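J.:
Protein chains: 4
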Amino acid sequence: MKRVSKQRQSGEARKMQLMVATLNSISKHGYLNSTINTISAESGLSRGLISHYFENKDDLLTYAHKYYLQNIDDFHRHVIVSIKTGHFTKLFYSACVPFLRDMGYQRIVIHYMSAAWIMPDVLKMHRDLWQRYRANVERRVASIARDRQMEIDVKMTATTLIQLVDGLWLGLTMEEVYTREDCCKIIRKWMCDQFGENPDDYPLVPTFDIENFETSAPLPPSG
Amino acid sequence: MKRVSKQRQSGEARKMQLMVATLNSISKHGYLNSTINTISAESGLSRGLISHYFENKDDLLTYAHKYYLQNIDDFHRHVIVSIKTGHFTKLFYSACVPFLRDMGYQRIVIHYMSAAWIMPDVLKMHRDLWQRYRANVERRVASIARDRQMEIDVKMTATTLIQLVDGLWLGLTMEEVYTREDCCKIIRKWMCDQFGENPDDYPLVPTFDIENFETSAPLPPSG
Amino acid sequence: MKRVSKQRQSGEARKMQLMVATLNSISKHGYLNSTINTISAESGLSRGLISHYFENKDDLLTYAHKYYLQNIDDFHRHVIVSIKTGHFTKLFYSACVPFLRDMGYQRIVIHYMSAAWIMPDVLKMHRDLWQRYRANVERRVASIARDRQMEIDVKMTATTLIQLVDGLWLGLTMEEVYTREDCCKIIRKWMCDQFGENPDDYPLVPTFDIENFETSAPLPPSG
Amino acid sequence: MKRVSKQRQSGEARKMQLMVATLNSISKHGYLNSTINTISAESGLSRGLISHYFENKDDLLTYAHKYYLQNIDDFHRHVIVSIKTGHFTKLFYSACVPFLRDMGYQRIVIHYMSAAWIMPDVLKMHRDLWQRYRANVERRVASIARDRQMEIDVKMTATTLIQLVDGLWLGLTMEEVYTREDCCKIIRKWMCDQFGENPDDYPLVPTFDIENFETSAPLPPSG
DNA sequence: GATGAATGAGGGTTCATTCAT
DNA sequence: AATGAATGAACCCTCATTCAT
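Residue numbers (the numbering used here), protein chains in the order written: chain U, 1 to 223; chain S, 1001 to 1223; chain P, 2001 to 2223; chain Y, 3001 to 3223.
#1: Does any CB atom of chain P fall closer than 8 Å to the CB of residue 3068 of chain Y?
#2: On the three-state DSSP scale, how would you describe residue 3145 of chain Y?
#3: For residue 74 of chain U, which residues in chain S fall below 7 Å Cβ to Cβ?
#4: For residue 155 of chain U, which option in U:165, U:148, U:100 and U:142 has the closest C-alpha, if you only look at C-alpha atoms?
#5: By the 10 Å Cβ neighbour count, where 16 or more other Cβ atoms means buried, how is residue 166 of chain U classified, buried or exposed?
#6: By Cβ distance, which residues of its chain are closer than 8 Å to residue 1046 of chain S, with the 5 residues on each side in sequence left out?
#7: Can you give me the C-alpha to C-alpha distance between residue 2069 of chain P and residue 2147 of chain P, rounded to a whole angstrom?
#8: Measuring straight from C-alpha to C-alpha, what distance separates residue 2031 of chain P and residue 172 of chain U?
#9: Rounded to whole angstroms, what's the CA-CA distance from residue 2214 of chain P to residue 2208 of chain P? Just pull it up for me.
#10: Please give me, in chain order, every unbroken run of the alpha helix (DSSP H) with length at least 4 that falls completely inside the region 3128-3199 of chain Y.
#11: Taking DSSP as the reference, what is the three-state secondary structure of residue 85 of chain U?
#12: Can you list, in chain order, the residues of its chain with a C-beta nearer than 8 Å to that of residue 3191 of chain Y? Leave out the 5 residues immediately preceding and following it.
#13: With DSSP run on the structure shown, which of helix, strand or coil describes residue 2010 of chain P?
#14: Taking the beta carbon of residue 3218 of chain Y as the centre, do at least 16 other beta carbons fall within 10 Å, making it buried, or is it exposed?
#15: Taking the alpha-carbon positions, what's the residue 2124 of chain P to residue 1176 of chain S distance?
#16: Tell me the DSSP secondary structure of residue 3102 of chain Y in three-state form.
#17: Starting from residue 3047 of chain Y, trace the alpha helix (DSSP H) in both directions and tell me its first and last residue.
#18: Give the residues from the region 2103-2120 of chain P that approach chain Y closer than 7 Å (Cβ to any Cβ), ordered along the chain.
#19: Between S:1212, S:1201, S:1183 and S:1152, which lies nearest to residue 193 of chain U when the distance is taken from Cα to Cα?
#20: Starting from the beta carbon of residue 165 of chain U, find every residue of chain S whose beta carbon is closer than 8 Å, and list them in chain order.
#21: Which of the three DSSP states is assigned to residue 2215 of chain P in this structure?
#22: Using the rule of at least 16 other Cβ atoms within 10 Å of the residue's Cβ for burial, across every protein chain shown, is residue 1128 of chain S buried or exposed?
#23: From this set, U:53, U:130, U:189 and U:111, which residue's C-alpha is nearest residue 73 of chain U's C-alpha?
#24: Buried or exposed: which applies to residue 3203 of chain Y, given that a residue is buried once 16 or more other Cβ atoms fall within 10 Å of its Cβ?
#25: Could you check whether the Cβ of residue 44 of chain U sits closer than 8 Å to any Cβ belonging to chain S?
#26: Taking all protein chains shown into account, do 16 or more other C-beta atoms lie within 10 angstroms of the C-beta of residue 185 of chain U, making it buried, or fewer, making it exposed?
#27: Can a CB atom of chain S be found closer than 8 Å to the CB of residue 178 of chain U?
#28: Contact between the region 1008-1021 of chain S and the region 97-106 of chain U is defined here as three or more beta-carbon pairs at a separation below 8 Å; is this criterion met?
#29: Suppose you measure from the CA of residue 1221 of chain S to the CA of residue 3034 of chain Y; what does that come to, to the nearest Å?
#30: Answer with yes or no whether the minimum CB distance from residue 2223 of chain P to chain Y is below 8 Å.
#31: Listed in chain order, which residues of the region 2026-2050 of chain P have Cβ atoms closer than 7 Å to some Cβ of chain Y?
#32: Are the beta-carbon atoms belonging to residue 1113 of chain S and residue 110 of chain U less than 8 Å from one another?
#33: Starting from residue 1042 of chain S and walking both ways along the alpha helix (DSSP H), at which residues does that stretch end?
#34: Any idea what DSSP makes of residue 1092 of chain S, helix, strand or coil?
#35: Which residues in the same chain as residue 2043 of chain P place their Cβ atom closer than 7 Å to its Cβ, once the five residues preceding and following it in sequence are excluded?
#36: Using three-state DSSP, classify residue 3210 of chain Y as helix, strand or coil.
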């Protein structure tokens, strides 16, 4: 019984390796076809190791989702803090976050939304993130309105923006007829219409470095 | 186990029975937990019958989706033809189509979007429907602009509307923090902003009979 | 994908087939080495069929035990009713029941006694049978004492007999240094000592047909 | 997780630690549920250490049994040498050995009897001990008969005694309806009947110190 | 000597599919 | 046409064993 190379690593690194492999497997083979086997193969590790680091497959899937959301969240924070100028700009690029990078992982969110209905933890995590995001946008919309002394329905405006972004993201992911640039352009248009700004004042591509940011949940560029 | 009348039925009726049972099973047990068993139980028919009428499980799932989309499409057509007044109204209610009925089947679209990535036929059907819908909306936007001699970017406007609707639908389905009424209100607001109309002129609930319409793909009200 | 012969049978026959195969597998490979695979192989049926007829492996093992105990019980009853003479004779052959047949299944009882500690149902069944047996013996001992107007500690006498039988059975099963005949002889000796009978009046082998009796749980002769 | 002092210990001490842990694990979790993990946990040592001191799991289980039997044997010897009076008394307490202590390890004998059929070494050890015991009893029975110039079937008498003890032990272990005292009483009754002694002359609890005796295989009191 | 990360064979179970009835 | 018994591949998971540290 020949055993192959056994490079050993600390727990956290292995967990990350497995979570990334999980995301890659889902992205590559789909959710339904992602099994312990495909994930192991993707990670280059043995099947048994998954049970070593995670309670079970569901646990791994849940943590992998958490990992992915963490990356999204960290990127979002990175975008926010990278912008120095004003509330409007912050909100604009914040809204464009889903379109500023292309990592090939979009569709796993679709898969997780499907799985969420039988994995309550996944659903909760998903909703928690969106809720924080929604609150964040609402606060910024309120700030802008206050700045400009506009009387608007803050909640409705925020909801419209958020769901417009979500819809654009969904279209981008499922239809592949729009480009990420189109999405940003549409968001810019809508926001400028709302707040009486000139689109040309806001470049679609932000001036700061998009790719490099600190995160405890790094992801390889492609899926 | 509702085990309906066991007398022989025509093939088409049996197929419909099975497709509806499939949609119900997915809606009830989730996609991943829907098996030949749950579908058979839901239909009140025997397990073996599925292979009798469908190539295999994937085939059944694909046709079930087609069936569902047919229902959506028929309803959409019903809404359009029920409105006699003008382009704006037609577009408005047309955009509100996803929010005019609540049949408890929204989630299955999420499930199918996930499955689409390993079932090309499903993806194609999904995209075909959306494309027709998109073209439809675009045509109407162009008509309205022509009516009012407005100079607008028709494609961008149409895309914004469509994806706003999609985003609202996604939020409604996943988050359950919005109501169907909220969604219609937001659409109305956006459209009136775009075309300089007064929201109060357009009731959220259309005046024609929503429920009763002709379709070759009828669905029971709940999932 | 070639599928082999599929002779179909009614549920009960298949269940019996699987339970007997289970007993044979345990008897042949031991408890620890009896798996779904060995049981399927022993039965000549497919692995999947076990789940078709039993909840799970434990369920099968439990039912197989019940089946075996049923056979023992039926045989016991057969012995009792076959004896026409008197209380003493009835008690004697009743006590000898474990030694009147050799079916090669003795050791599975050992295996089940081990398993009983993690399968409460098995323990319960085991104890229920023994309790009934114990009560039965006690009643007969009391009858004999009454017949002969002897003043004895019925409970202690019954316990002694029962556990002597158990001990002989254990020795026969584990040590294989005694014969079944030895066991009967020892029981006869003890009983005659107790009740002042002459051993020579009671043949070791009863006069009725041992093998043929009615049972709902038939077992093939060897394990 | 009692994780004792981690300083290096002699091999023999570690082995004992692991064997005792094995017996405890079996006693606590049952044979089938005793794994390398439960044994390691019980011992407070690491999983890998087992392979360090034993060939494999079976090896450990076998040695653990040997260890247990050694304890039994040493206790038996202790009882014998503690009695100064006569052959009858020696035989009586010798027969009562299984009932003089309650360490909570009875069940493991059942488990090992089950395992014996797929672990020849275990079977051999079991039989060797019983054979020596049997020979011992036989010798004593012969001595008593000689003392009293009784003409009895020594072998049959010895066998009866031994298997009565075994049967009582089995009943005590599996049924838990008898007490250890009951067992001793029954043995005393049977022996006094055989050899014409008065039970009241022999106290159930011997006068010497039961617990403290020299053994190379010490066991903690509980299981 | 001591650890526990890593392996992979084999366990029980599920389930789409087949096919005799 | 309709059924459900029967199959076996593939699933997730457990666990004894190995071995780098």
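Note that CB positions come from ideal geometry on N, CA and C, so glycine has one too. On a predicted model such as this, the values are computed, not experimentally measured, just so you know.
T.: Once the coordinates are examined:
#1: For this step, residue 3068 of chain Y is matched to residue 68 along the fourth sequence. Chain P, which has no Cβ nearer than 8 Å to the Cβ of residue 3068 of chain Y, makes this no.
#2: As a working note, residue 3145 of chain Y is residue 145 in the fourth sequence. Of the three classes helix, strand and coil, the one that applies to residue 3145 of chain Y here is helix, per DSSP.
#3: The residue labelled residue 74 of chain U in the question sits at position 74 within the first sequence. Near residue 74 of chain U there are no residues of chain S at all, since even the closest Cβ is about 22 Å away, more than 7 Å.
#4: Here residue 155 of chain U refers to the residue found at position 155 of the first sequence. It is U:142.
#5: One-based indexing of the first sequence puts residue 166 of chain U at position 166. Result: buried.
#6: Along the second sequence, read from residue 1 onward, the residue named residue 1046 of chain S stands at position 46. Cβ neighbours of residue 1046 of chain S beyond the five flanking positions: 1040.
#7: For the purposes of this step, residue 2069 of chain P is taken as residue 69 along the third sequence, with counting starting at 1. For the purposes of this step, residue 2147 of chain P is taken as residue 147 along the third sequence, with counting starting at 1. Their Cα atoms are separated by approximately 32 Å.
#8: In the third sequence, residue 2031 of chain P corresponds to position 31, counting from 1. In the first sequence, residue 172 of chain U corresponds to position 172, counting from 1. It is roughly 58 Å from the alpha-carbon of residue 2031 of chain P to the alpha-carbon of residue 172 of chain U.
#9: The count along the third sequence starts at 1 and reaches residue 2214 of chain P at position 214. The count along the third sequence starts at 1 and reaches residue 2208 of chain P at position 208. Spanning the two alpha carbons is a distance of roughly 14 Å.
#10: DSSP runs (the alpha helix (DSSP H)) wholly in the region 3128-3199 of chain Y: 3154-3174 and 3180-3195.
#11: Your numbering for residue 85 of chain U matches position 85 in the first sequence. Of the three classes helix, strand and coil, the one that applies to residue 85 of chain U here is coil, per DSSP.
#12: In the fourth sequence, the residue the question calls residue 3191 of chain Y occupies position 191. Taken in chain order, the residues that qualify are 3088, 3091, 3092, 3095, 3161 and 3197.
#13: In the third sequence, residue 2010 of chain P corresponds to position 10, counting from 1. Coil.
#14: By 1-based counting over the fourth sequence, the position of residue 3218 of chain Y is 218. It counts as exposed.
#15: Within the third sequence, the letter at position 124 stands for residue 2124 of chain P. Within the second sequence, the letter at position 176 stands for residue 1176 of chain S. Using only the alpha carbons, I get a separation of about 51 Å.
#16: Counting from one through the fourth sequence, the residue named residue 3102 of chain Y turns up at place 102. Collapsing the DSSP output to three states places residue 3102 of chain Y in coil.
#17: Residue 3047 of chain Y sits at position 47 when you count from the first residue of the fourth sequence. Careful: residue 3047 of chain Y lies outside any alpha helix (DSSP H) and carries neither H nor E.
#18: 2107, 2110, 2111, 2113, 2114, 2115, 2117 and 2118
#19: The residue labelled residue 193 of chain U in the question sits at position 193 within the first sequence. Comparing Cα positions, the closest option is S:1152.
#20: In the first sequence, residue 165 of chain U corresponds to position 165, counting from 1. Neighbours of residue 165 of chain U across chain S, judged by C-beta separation under 8 Å: 1167.
#21: For the purposes of this step, residue 2215 of chain P is taken as the residue at position 215 of the third sequence. The answer is coil: DSSP assigns residue 2215 of chain P none of H, G, I, E or B.
#22: Within the second sequence, the letter at position 128 stands for residue 1128 of chain S. Burial state of residue 1128 of chain S is exposed, judged by a 10 Å Cβ sphere holding fewer than 16 other Cβ atoms.
#23: Numbered from its first residue, the first sequence carries residue 73 of chain U at position 73. For residue 73 of chain U, the nearest C-alpha among the options comes from U:130.
#24: Numbered from 1 along the fourth sequence, position 203 holds the residue referred to as residue 3203 of chain Y. The residue in question, residue 3203 of chain Y, is exposed, as its Cβ has fewer than 16 Cβ neighbours within 10 Å.
#25: Locating residue 44 of chain U in the first sequence gives position 44, where the first residue counts as 1. Not closer than 8 Å to any Cβ of chain S, the Cβ of residue 44 of chain U fails to qualify, so no.
#26: Residue 185 of chain U sits at position 185 when you count from the first residue of the first sequence. It counts as buried.
#27: Counting from 1 along the first sequence, the entry for residue 178 of chain U is found at position 178. Chain S contact via Cβ: present.
#28: With the cut-off at 8 Å, the region 1008-1021 of chain S and the region 97-106 of chain U do not touch.
#29: Here residue 1221 of chain S refers to the residue found at position 221 when the second sequence is read from its first residue. Here residue 3034 of chain Y refers to the residue found at position 34 when the fourth sequence is read from its first residue. Between residue 1221 of chain S and residue 3034 of chain Y, the C-alpha separation is close to 54 Å.
#30: In the third sequence, counting from the first residue as 1, residue 2223 of chain P sits at position 223. Reliability fails at residue 2223 of chain P, whose pLDDT of 47 lies under 50, so the model's placement of it is uncertain and the value that follows must be treated cautiously. Output row for residue 2223 of chain P: interface = no.
#31: 2030, 2031, 2032 and 2033
#32: As a first step, residue 1113 of chain S is located in the second sequence; it is residue number 113 there, counting from the start. As a first step, residue 110 of chain U is located in the first sequence; it is residue number 110 there, counting from the start. Yes, they are a contact pair.
#33: Position 42 of the second sequence, counted from the first residue, corresponds to residue 1042 of chain S. Counting along the chain, the alpha helix (DSSP H) containing residue 1042 of chain S begins and ends at 1036-1043.
#34: Numbered from 1 along the second sequence, position 92 holds the residue referred to as residue 1092 of chain S. Three-state DSSP puts residue 1092 of chain S in a helix.
#35: Here residue 2043 of chain P corresponds to residue number 43 of the third sequence, with the count starting at 1. Hits under 7 Å: 2017, 2018 and 2021.
#36: If you number the fourth sequence from 1, residue 3210 of chain Y lands on position 210. In the structure shown, residue 3210 of chain Y adopts coil according to DSSP, grouped into three states.
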